[in-house]
Amino acid sequence: MSDQVKYITLSTDKFETEVIKSDIPVVVDFWAAWCGPCRVMNPIIENLATELEGVAKVAKVNIDDHGTLATNYGIEAIPTILIFQNGEVIHRISGIISQAALQDKIEVLTNRVSAV
Numbered sequence: 416m417s418d419q420v421k422y423i424t425l426s427t428d429k430f431e432t433e434v435i436k437s438d439i440p441v442v443v444d445f446w447a448a449w450c451g452p453c454r455v456m457n458p459i460i461e462n463l464a465t466e467l468e469g470v471a472k473v474a475k476v477n478i479d480d481h482g483t484l485a486t487n488y489g490i491e492a493i494p495t496i497l498i499f500q501n502g503e504v505i506h507r508i509s510g511i512i513s514q515a516a517l518q519d520k521i522e523v524l525t526n527r528v529s530a531v
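Letter by letter, the sequence shown follows residues 416 to 531 of this note's numbering.
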C-alpha cells in the first residue's frame with residue numbers, strides 16, 4: 416500500500432464541493448470501522464483511487480462520523496457505494512463488489528477502456 420492515500424475522506428462540510436459540484440464522476444464508499452465487509456472493500460477502494468486518479472474521484476464517508484449524509488442518501492446497509500455524475504447518483508451498489516466490476520461501471524462514465 417502506498418504511504419499517500421489517494422481517496423478523499425469526506426465530511427458533511429466537504430460533500431457538496433467534492434461530490435455534488437464535481438466535474439468528474441465520484442465514487443463514494445459509505446462505511447464504518449466496525450463493519451467486516453467494509454474492511455474487505457477498503458483495499459479495493461484504495462486501489463481504485465490510484466487507478467482512477469485524475470479521471471474520477473474516489474471518496475469515503477464514515478457513517479458513524481457523518482450519519483446525516485448516510486440518512487440523506489438512504490444508506491440502509493454498509494458497505495454501500497454510490498457513483499455520482501453531475502451531482503446525481505447514477506449507480507448504487509450494496510455489499511462487496513470486485514474491483515473489476517466496480518471499474519467497469521466507472522469506465523462507462525469516463526469512456527476509459529480497461530487494459531486488463
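Every residue gets a Cβ at the ideal spot worked out from N, C-alpha and C, and that includes glycine.
(request) Just confirm the distance between the C-beta atoms of I511 and V455, as a whole number of angstroms; I'd bet it's less than 8 Å. (result) Looking up residue 511 in the sequence shown gives position 96. Looking up residue 455 in the sequence shown gives position 40. With 8 Å as the limit, I511 and V455 qualify as a contact, their Cβ atoms being about 6 Å apart.
(message) Would I493 and A464 be called neighbours here (beta carbons separated by less than 7 Å)?
(response) For the purposes of this step, residue 493 is taken as the residue at position 78 of the sequence shown. For the purposes of this step, residue 464 is taken as the residue at position 49 of the sequence shown. Not in contact: I493 and A464 (Cβ atoms no closer than 7 Å).
(request) Could you check if V443 is buried or exposed, using at least 16 other CB atoms within 10 Å of its CB as the buried criterion? (result) The count along the sequence shown starts at 1 and reaches residue 443 at position 28. Under this definition V443 is a buried residue.
(request) Provide the residue span of the beta strand (DSSP E) that contains V476, from first to last. (result) Reading the sequence shown from its first residue, position 61 is the one you call residue 476. Note, V476: beta strand (DSSP E), K472 to N477.
(message) What does the alpha-carbon distance come out to for the pair G469 and V476?
(response) As a first step, residue 469 must be located in the sequence shown, where it is residue number 54. As a first step, residue 476 must be located in the sequence shown, where it is residue number 61. The straight-line gap from Cα to Cα measures roughly 20 Å.
(request) Would you please state the rounded distance, in angstroms, between the beta carbons of A471 and P440? I believe it to be under 8 Å. (result) In the sequence shown, the residue the question calls residue 471 occupies position 56. In the sequence shown, the residue the question calls residue 440 occupies position 25. Yes, A471 and P440 are in contact; Cβ-Cβ is about 4 Å, under 8 Å.
(request) With DSSP collapsed to three states, give me the class of I496. (result) As a working note, residue 496 is residue 81 in the sequence shown. It is a strand residue.
(request) Using beta-carbon positions only, say whether F445 and T495 come within less than 7 Å of one another. (result) Reading the sequence shown from its first residue, position 30 is the one you call residue 445. Reading the sequence shown from its first residue, position 80 is the one you call residue 495. Against a cut-off of 7 Å, the Cβ pair of T495 and F445 comes out as a contact.
(request) Could you tell me whether the Cβ atoms of T427 and L484 are closer together than 7 Å? (result) Along the sequence shown, read from residue 1 onward, the residue named residue 427 stands at position 12. Along the sequence shown, read from residue 1 onward, the residue named residue 484 stands at position 69. The answer is yes: Cβ separation under 7 Å.
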